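**Q** Residue numbers (the working numbering): 265 to 367.
The C-beta atom is built at its ideal place from N, Cα and C for all residues, glycine as well.
For clarity, every value in this text was computed on a predicted model and none was experimentally measured.
1. Which of the three DSSP states is assigned to residue 362 in this structure?
2. With a Cβ-Cβ cutoff of 9 Å, do residue 281 and residue 289 count as a contact?
3. In this structure, does DSSP put residue 281 in helix, strand or coil?
As structure tokens, then:
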């Protein structure tokens, strides 16, 4: 109860201060709280990185199994695109040669 009275007296003192001082106090408190939360956040990330189980994560991804499955999946569009690319290269070379012959 005594602490509650002291807090209310402190708040009344703050309310009587000029606006500039109140803003300075407010932003100082915000900066302190923000910095504290940021530090806690960084520590938490550090702990998560230390406790990260790389092997288990890679097992869950099943990368070797995925590579094998990708080999099995037919990809006809890749072959078609490759053929079209070869044809385009031939056409460009022919056009280039015909331009030189005209000159």
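**A** Per the coordinate set shown:
1. Counting from 1 along the chain shown, the entry for residue 362 is found at position 98. Residue 362: helix per DSSP, three-state reduction.
2. Position 17 of the chain shown, counted from the first residue, corresponds to residue 281. Position 25 of the chain shown, counted from the first residue, corresponds to residue 289. The Cβ-Cβ distance between residue 281 and residue 289 falls below 9 Å.
3. Residue mapping note: residue 281 aligns to position 17 of the chain shown, counting from 1. DSSP places residue 281 in coil when its eight states are reduced to three.
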